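Chemist: Going down the list, the protein sequences come from chains A and B.
Under numbering that gives the first Met the number 0, the first residue of the first sequence is numbered 0, with each subsequent residue one higher.
Under numbering that gives the first Met the number 0, the first residue of the second sequence is numbered 0, with each subsequent residue one higher.
Here you go, one structure.
2 protein chains.
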Amino acid sequence: MGKILTMPFDGSKESATATTAPQDVSREDAATFDVLRKMREDILCCALKPDQRLRFGELRQRYGTSVGTLREALSHLVSEGLARTEAGRGFQVAPISLNDFLDLSELRVYLETRTLADAIRHGTDAWEAEIVSSYFLLSKLGKPSPDDPVSLKREWGKRHKRFHDSLVATCTSPWSLHFRSELFDQARRYHWLTMIHARSRRKNEHLELRDAVLARDVALACGLIEKHIRGTVEQAASEVPGLTLEMTKRKKA
Amino acid sequence: MGKILTMPFDGSKESATATTAPQDVSREDAATFDVLRKMREDILCCALKPDQRLRFGELRQRYGTSVGTLREALSHLVSEGLARTEAGRGFQVAPISLNDFLDLSELRVYLETRTLADAIRHGTDAWEAEIVSSYFLLSKLGKPSPDDPVSLKREWGKRHKRFHDSLVATCTSPWSLHFRSELFDQARRYHWLTMIHARSRRKNEHLELRDAVLARDVALACGLIEKHIRGTVEQAASEVPGLTLEMTKRKKA
DNA sequence: AGTCCCGAAAGTTTCGAAAATCCGTTTACA
DNA sequence: TGTAAACGGATTTTCGAAACTTTCGGGACT
């Protein structure tokens, strides 16, 4: 029972391990998990562009790890739909298209409303507190313009995700939450493109959403999030250049 | 994503030493993919039992492959929800519980009806032909009793999956199909338990379903599949011993 | 010119061993 | 006698290299 696992004391009070990332409080899976997270973030933020070929040589240098570890991370990304692999031809970043965005957004409407409704019904004080907190952090930044630096966009993306996650945190259906999370990540790729290109501003839908959720108004909150998702799609469709209905023209020079 | 291809694979043959398979037309990923498929099937059929620890030593012997390959396959299974992994404690088969079955079945009702309705609306002649064909193969076997040999149960499971896949094959939403497929595989674990333990017989719901789909009756077909899924849950809940609401009692012998 | 074949180069896949980690047991000490 | 550190065996995790596959380009033949 006793989970006191006392480390064999090494003398140094502050473990000054300079070699690897020192931010390990509860290291998940160490190297593999770390590489996976970084890589996912890079795909979501289009640092690794859609359809880009992922060669092991470059990746090994970029993330400073071995082939085996990379392979495991890539394998994960494939089953999340963020990468593709074919026969003996290695891996590549999953393509994007308006069709794909439309498809996944339709499913998102269902899963977000389903999880949100359930979360509201099972909401607790701690849940409300986290919503308030994460909204505060989100609003403090304000949606970045295309001209803002990448680091700001990344930070906003993180806070945006945290806010939406907090809304559905008390949902009682693990499977619904799981798929919602995967689809949300998928949508983030398109959100990133919108952030880069779109100049139009939408009104603060997050505030409305927060208040509706805190008021426990299921119908209103679900309606708002549906409008939120659909609005994002329309904005991307009209303002992101090159996001046509079919981006699958495999032009070979 | 794209592993919804329902090719008529013969698989499951012990071709360990059969060096050159006859002109592999569809060789997917050779070793890794092969191990992954075998392992998934073993988990679905409870040859690897829920909560069972998956040690590399045993697995290496069972599947005749290396640690790295196993790791990649296990990694896949984790993101499909068929296995778990924790810190530095290796992998284990995902647990099962009635709660889990109820949760995933509720989501299945939505995804199956959604994909089925869309598939019917976009049905083609080839789609109908495959439905007729796969139903024929399914009905030829008849649902196995608990006393039937494992090989028969496995074959029935394959044909059952192929039939249900054929129904939704023309659905136009890749994401819906993807999640439907994952949930269907999850449900197969519980179907297997039911096949092993349940002795009650249900009427031939597959025939009704087939005819409703071929008649392009969306409402009827969706109603039938909903009843089909819910009926399976009830049968499992009442006839599978040990499938209680909480199976998470961590009894250590 | 066009087509086919063959060899070299680039890249991917698989493997087993070395390093790191965990768990149960023993041992030291109050 | 009880607590906690140290030890040893077992297991996991990571890595780089060997084996294999695909791609590309030159040269001979139609």
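Every residue gets a Cβ at the ideal spot worked out from N, C-alpha and C, and that includes glycine.
Bear in mind the structure is a predicted one, so any value in this text is a computation, not a measurement.
Does B:Thr84 come out as helix, strand or coil in the three-state DSSP assignment?
Modeler: Residue state, collapsed to three classes: strand.
Chemist: Using a Cβ-Cβ cut-off of less than 7 Å, give me the residues of the stretch 66-77 of chain B that come near chain A, in sequence order.
Modeler: Flagged, chain order: Gly67, Arg70, Glu71, Ser74, His75.
Chemist: Under 7 Å between C-beta atoms, does B:Ser104 make it to chain A?
Modeler: Not an interface residue.
Chemist: For chain B, is any of its Cβ atoms less than 7 Å away from the one on A:Phe178?
Modeler: Judged by the 7 Å Cβ criterion, A:Phe178 is in contact with chain B.
Chemist: Indicate the three-state DSSP secondary structure (helix, strand or coil) for A:Val167 in the structure shown.
Modeler: Correct three-state label for A:Val167: coil.
Chemist: Which class does B:Leu53 belong to by DSSP, given the choice of helix, strand or coil?
Modeler: Residue state, collapsed to three classes: strand.
Chemist: Would you verify that the beta carbon of B:Trp174 is, or is not, closer than 7 Å to some beta carbon of chain A?
Modeler: True, the Cβ-Cβ gap to chain A drops below 7 Å.
Chemist: Less than 7 Å between the C-beta atoms of B:Glu62 and B:Val92, yes or no?
Modeler: In the sequence as presented, Glu is not what sits at residue 62 of chain B; that position holds Tyr. Result no, Cβ atoms of B:Tyr62 and B:Val92 do not sit closer than 7 Å.
Chemist: Report the rounded CA-to-CA distance for A:Asp9 versus B:Ala86, giving the unit in angstroms.
Modeler: Its pLDDT being 33, under 50, A:Asp9 is placed unreliably in this model, and the value from its coordinates should be taken loosely. Straight-line Cα distance between these residues: approximately 22 Å.
Chemist: Which same chain residues, not among the five before or five after B:Trp191, have their C-beta less than 6 Å away from its C-beta?
Modeler: Around B:Trp191: Cys44, Cys45.
Chemist: Measure the alpha-carbon distance for A:Asn98 versus B:Thr114 and round it to whole angstroms.
Modeler: Straight-line Cα distance between these residues: approximately 17 Å.
Chemist: For B:Leu136 and B:Arg209, I'd like the C-alpha separation in whole angstroms.
Modeler: Straight-line Cα distance between these residues: approximately 13 Å.
Chemist: What residues in the stretch 183-196 of chain A bring their beta carbon closer than 9 Å to a beta carbon of chain B?
Modeler: Result list: Gln185.
Chemist: Around the C-beta of B:Ser237, are 16 or more other C-beta atoms found within 10 angstroms, so that it is buried, or is it exposed?
Modeler: It is exposed - the Cβ of B:Ser237 has fewer than 16 other Cβ atoms within 10 Å.
Chemist: Just mark B:Glu233 as buried or exposed, buried being the case when its beta carbon has 16 or more other beta carbons within 10 Å.
Modeler: With fewer than 16 Cβ atoms within 10 Å of its Cβ, B:Glu233 is classed as exposed.
Chemist: Residues of the stretch 220-244 of chain A in Cβ contact with chain B at a cutoff of 9 Å, in chain order, please.
Modeler: Residues passing the 9 Å Cβ filter: none.
Chemist: Determine whether the beta carbon atoms of B:His227 and B:Glu204 lie at a separation below 7 Å.
Modeler: Yes, the Cβ-Cβ distance between B:His227 and B:Glu204 is below 7 Å.
Chemist: Which full runs of the alpha helix (DSSP H) of 4+ residues lie inside the stretch 131-208 of chain A, going along the chain?
Modeler: If we require 4 residues or more, the alpha helix (DSSP H) runs fully inside the stretch 131-208 of chain A come out as 149-166, 173-196.
Chemist: So which residues on chain B does A:Glu40 lean against when the C-beta distance must stay under 9 Å?
Modeler: In chain order: nothing, as chain B lies at least about 17 Å away.
Chemist: Would you kindly work out how many angstroms separate the C-alpha atoms of B:Gln51 and B:Ser150, rounded to a whole number?
Modeler: For B:Gln51 and B:Ser150, the distance between alpha carbons rounds to 22 Å.
Chemist: Taking Cβ positions, are A:Ile95 and A:Pro143 nearer each other than 7 Å?
Modeler: No, these two residues do not count as a Cβ contact at 7 Å.
Chemist: Does DSSP classify B:Ser232 as helix, strand or coil?
Modeler: Position check: residue 232 of chain B holds Val in this sequence, whereas Ser was assumed. Correct three-state label for B:Val232: helix.
Chemist: What's the C-alpha gap between A:Ser104 and A:Lys202?
Modeler: The straight-line gap from Cα to Cα measures roughly 20 Å.
Chemist: Return the residue from the list B:Cys221, B:Ala211, B:Gly56, B:Glu111 that minimises the CA-CA distance to B:Asp164.
Modeler: Checking every option, the nearest Cα to that of B:Asp164 belongs to B:Glu111.
Chemist: Quick check: the Cα distance between B:Thr171 and B:Glu57, rounded to an integer number of angstroms?
Modeler: The straight-line gap from Cα to Cα measures roughly 42 Å.
Chemist: Rounding to the nearest angstrom, what Cα-Cα distance links A:Leu53 and A:Arg83 in this structure?
Modeler: Their backbone Cα atoms lie some 10 Å apart in a straight line.
Chemist: Helix or strand or just coil, what does DSSP make of A:Val77?
Modeler: Note: A:Val77 maps to helix in three-state DSSP.
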